[in-house]
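S.K.:
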Amino acid sequence: MRRRFHERNLGIEGRRMSGELPLPAMTDVRVRFAPSPTGPLHMGGVRTALYNKLFAMAHGGTFILRIEDTDQGRFVEGAEAYIEEALAWCGLTPDEGVRSGGDCGPYRQSERTSLYRDAIAQLLERGWAYEAFDTPDELDALRKAAEPEVWQYDASTRGTLKNSLTLGAEEVAALKAQGAPCVVRFKTPETATDIQLVDAIRGEVTFQSNILDDKVLMKADGLPTYHLANVVDDHHMRISHVIRGEEWLPSAPLHVLLYRAFGWEHPVFAHLPLILKPTGNGKLSKRDGDAGGFPVFPIDWHDPTSGDTWPGYREQGYTPEAFVNMLLMLGWNPGDERELFSLQEAAQTFSLDRVVKSGARFNPDKAHWFQAQHLRGAGPQAHVMPLQAVMASRGVNWDQAQCLAVLDMMLERVTFLTDIANTSWLVAAPAQFDAKLVRKKWKDDTSRLLKDLASELQRLDIFSSDAVEACFTAFLEARELGFGQVLLPFRIALTGEGGGPSMFDFSAFLGQEATLSRLADGLAAIEAIRSQTEGS
Ligand code: GLU
């Protein structure tokens, strides 16, 4: 059931209860993230994984990754590997799962089919399920005939349909012997009752049982549907809390009834709010990312069917810490002004009662902000190797000392490491000079002053940032000049631009020879610009 959740249509009422929620004691917390490998993981899915992981960390519990791959028609090649890789990049490694192992495996539903068959046998035996032989065409005809009313297979209609409740045992056996397709449906209780559950985020939620249909639990191919497999696995994997997206809230009453039918206690449910488009209107989709120029996937996704590549945060240059922090704040807050968290820090404060009920609006600018904060917060040393790799991919071989020097200068000024790689004057002498700036800042004696400065710089034995600064200051003092008169032209000559890091640091990074040759070449180019201007 992948219908959008409409509170009114489904007769669901939710209200947050005041005071303490009657949740079970937090002993042996076991949570799971249960994606279907039907495509890449949307950032909403990563947030679900994150909240599960944090909840487990906060309670010393276990985070499980279960692959829900029973819908063979929607299976997508590479999706499971993508999910594993994306979670690993985000640092959301499961404690139990296909790769991590664990004693509740197998962790792929397609490898657990005997469990589901046993479960179905139990339900049939207890009268909580029945076999149905109606063909898809027959059911379609009934739906069409009922339009504009919505027809459903439920307590009010099943008595008139082709199933083991209406047919005799012999007829059922004969149909099976003929190989007639047969599904198993849940037998929703006839009497209308309220199904209540306490959602850890929404509080008490009430559903009316008479609006539920008799969902298929096992398909004609013998494979379980989501509902059956999900409930059976949550039970066998001893899941204590089901933390999942709001789109699954309409399935919760059926799940509660299934637990009752099996005689099992159900886990605590917590349904997370949707992630909304930047406009706030509707759920964030991959098309929004395309239109708004931001990724909605954690890492690049190469669609094996269309051949298209959808961009990911990783490839756009985000650090996993920034991406995860941004997701953390999409629907949760610590109750104070703090916004910057590592995973460990978040786990110390995370609780489900601070997850918001209403949709969380995604803001691409805020994503940038988190990235800049994390890049700076980690300090220059942390980025030496990654920067070296980025530069090497552009054919620039900086050693670690050079990377560190650049990071020291530039970290406060950039959002992504690629911003450094894109700053061309860091790598090569400027090919262009801001002509407007040159005209504004150059006086007749500016070039001569810079040439005199170059002679002083040439005399330096040690070309450190401090030494260049001291030389510069002495030069200005001797001529009774202000900083601005020389420093900005010096910057323009070296970089072609009017803004950037400390020019003393930058000179030291370039070294004496390169600084002097850039200065000489820059001055020549600037003189050419000035003479053109004068001539024109
Ligand atoms: N397989 C479902 C999904 O793809 C899991 C929903 C749940 O967590 O119960 O989201």
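Residues 174 to 709 (this note's numbering) make up the sequence shown, in order. For every residue, glycine included, the Cβ atom is placed at its ideal position computed from N, Cα and C. Note that the structure is a prediction, hence the values are computed from the model and not measured.
Flag this pair as touching only if the stretch 228-237 and the stretch 461-471 have three or more C-beta atom pairs under 8 Å; answer yes or no.
M.R.: The stretch 228-237 is not in contact with the stretch 461-471.
S.K.: Can you check DSSP and say which residues form a bridge with M391?
M.R.: Paired residue(s): V357, P397.
S.K.: Pick out whichever of M410, H408, L401, L584 has its Cα sitting closest to the Cα of L427.
M.R.: Measuring from the Cα of L427, the nearest candidate turns out to be L401.
S.K.: Quick one: which unbroken beta strand (DSSP E) runs of 3-plus residues sit fully inside the stretch 333-377? Chain order, please.
M.R.: Whole beta strand (DSSP E) segments, 3+ residues: 356-359, 367-372.
S.K.: Sort F228, P674, T668, D406 by Cα distance to L445 and report the nearest one.
M.R.: It is F228 whose Cα lies nearest to the Cα of L445.
S.K.: When the Cα atoms are used, what is the spatial distance from R358 to D386?
M.R.: R358 and D386: Cα-Cα distance of roughly 9 Å.
S.K.: Within the same chain, show all residues whose beta-carbon is closer than 6 Å to that of V389, passing over the 5 residues directly before and after it, in chain order.
M.R.: Excluding positions up to five away in sequence, the list reads V356, R358, T398.
S.K.: Tell me whether Y303 sits in a helix, a strand or coil according to DSSP, three-state version.
M.R.: Three-state DSSP puts Y303 in a strand.
S.K.: Use the C-beta contact count for A198: other C-beta atoms within 10 angstroms, 16 or more gives buried, fewer gives exposed.
M.R.: Low confidence applies to A198: its pLDDT is 47, below 50, so where it sits in the model is not reliable, and the reading given next is rough at best. Per the 10 Å Cβ criterion, exposed.
S.K.: Applying the criterion that 16 or more other CB atoms from any shown protein chain within 10 Å of the CB defines a buried residue, is S424 buried or exposed?
M.R.: Buried, because 16 or more other Cβ atoms sit within 10 Å of the Cβ of S424.
S.K.: In or out: M174 buried (at least 16 other Cβ within 10 Å) or exposed?
M.R.: Caution is warranted here: a pLDDT of 32 is assigned to M174, below 50, making its placement in the model unreliable, and the coordinate value is therefore given only provisionally. It counts as exposed.
S.K.: Between which residues of its own chain and R281 is the CB-CB distance below 7 Å, once the five residues before and five after are set aside?
M.R.: So the qualifying residues of the chain are I240, D242, V271.
S.K.: Can at least three beta-carbon pairs, one atom from the stretch 603-622 and one from the stretch 584-592, be found at a separation below 8 Å?
M.R.: Cβ pair count under 8 Å is below three, so no.
S.K.: Enumerated in chain order, which unbroken segments of the alpha helix (DSSP H) with a length of 4 residues or greater are wholly contained in the stretch 556-627?
M.R.: Listed in chain order, the complete alpha helix (DSSP H) runs (minimum 4 residues) inside the stretch 556-627 are 557-566, 573-583, 590-594, 597-600, 608-614.
S.K.: Go ahead and label H232 buried or exposed: buried means 16 or more other beta carbons lie within 10 angstroms of its beta carbon, across all protein chains shown.
M.R.: Looking at its Cβ environment, which holds 16 or more other Cβ atoms inside 10 Å, H232 is buried.
S.K.: Alpha carbons only, please: which of Q245, M216, S209, V202 is nearest the one belonging to K717?
M.R.: The structure shown does not extend to residue 717, since the chain is modelled only from 174 to 709, so the question has no answer here.
S.K.: Are there 16 or more other CB atoms within 10 angstroms of the CB of K360, so buried, or fewer, so exposed?
M.R.: Buried, since its Cβ has 16 or more Cβ neighbours within 10 Å.
S.K.: Distance check for S515 and P507, CA to CA, integer angstroms please.
M.R.: If you take the alpha carbons of P507 and S515, they lie about 13 Å apart.
S.K.: Please tell me whether L660 and G671 are closer than 8 Å, where the distance is taken between their beta carbons.
M.R.: Cβ distance not < 8 Å, so L660 and G671 don't count as in contact.
S.K.: Okay, do the stretch 300-318 and the stretch 337-357 touch, 3+ Cβ pairs below 8 Å being the bar?
M.R.: With the cut-off at 8 Å, the stretch 300-318 and the stretch 337-357 touch.
S.K.: Work out the CA separation of T492 and R691 for me, nearest whole Å.
M.R.: R691 and T492: Cα-Cα distance of roughly 34 Å.
S.K.: Spatial neighbours of F677 within its chain, please: C-beta separation below 8 Å, excluding the five flanking residues on both sides.
M.R.: Excluding positions up to five away in sequence, the list reads S638, D639, V641, E642, F645.
S.K.: Do you know how far the Cα of A540 is from the Cα of F679?
M.R.: Looking at the two C-alpha atoms, the distance is approximately 30 Å.
S.K.: Flag this pair as touching only if the stretch 241-255 and the stretch 208-225 have three or more C-beta atom pairs under 8 Å; answer yes or no.
M.R.: With a cut-off of 8 Å, the stretch 208-225 and the stretch 241-255 count as touching, because enough Cβ pairs lie within range.
S.K.: In angstroms with no decimal places, state the Cα-to-Cα distance between G274 and G217.
M.R.: Rounded to the nearest angstrom, the two C-alpha atoms are 25 Å apart.
S.K.: With distance defined between alpha-carbon atoms, name the residue in F535, A604, A574 nearest to P451.
M.R.: Closest by alpha carbon: F535.
S.K.: Measure the alpha-carbon distance for N595 versus P603 and round it to whole angstroms.
M.R.: Taking the straight line joining both Cα atoms gives about 13 Å.
S.K.: What is the DSSP secondary structure of L654, counted as helix, strand or coil?
M.R.: Correct three-state label for L654: coil.
S.K.: With DSSP as the reference, label W505 as helix, strand or coil.
M.R.: Strand at W505.
S.K.: Can you tell me the Cα-Cα spacing of L667 and P674, whole angstroms?
M.R.: Cα to Cα, the separation comes out at about 12 Å.
S.K.: Using a threshold of 7 Å, is the CB atom of S287 nearer than that to any non-hydrogen atom of ligand 1?
M.R.: Incorrect: S287 has no Cβ contact closer than 7 Å to ligand 1.
S.K.: Taking the alpha helix (DSSP H) that L683 belongs to, which residues open and close that run?
M.R.: 676-683 is the extent of the alpha helix (DSSP H) around L683.
S.K.: Taking the beta strand (DSSP E) that T235 falls in, what are its first and last residues?
M.R.: Here the beta strand (DSSP E) through T235 covers 235-238.
S.K.: Measure the alpha-carbon distance for V557 versus R411 and round it to whole angstroms.
M.R.: The straight-line gap from Cα to Cα measures roughly 44 Å.
S.K.: Under 7 Å: does the beta carbon of N595 sit that close to some heavy atom of ligand 1?
M.R.: For ligand 1, not one heavy atom lies less than 7 Å from the Cβ of N595.
S.K.: Hey, out of A578, G657, I635, whose CA is closest to K613's CA?
M.R.: The shortest Cα separation from K613 among A578, G657, I635 belongs to G657.
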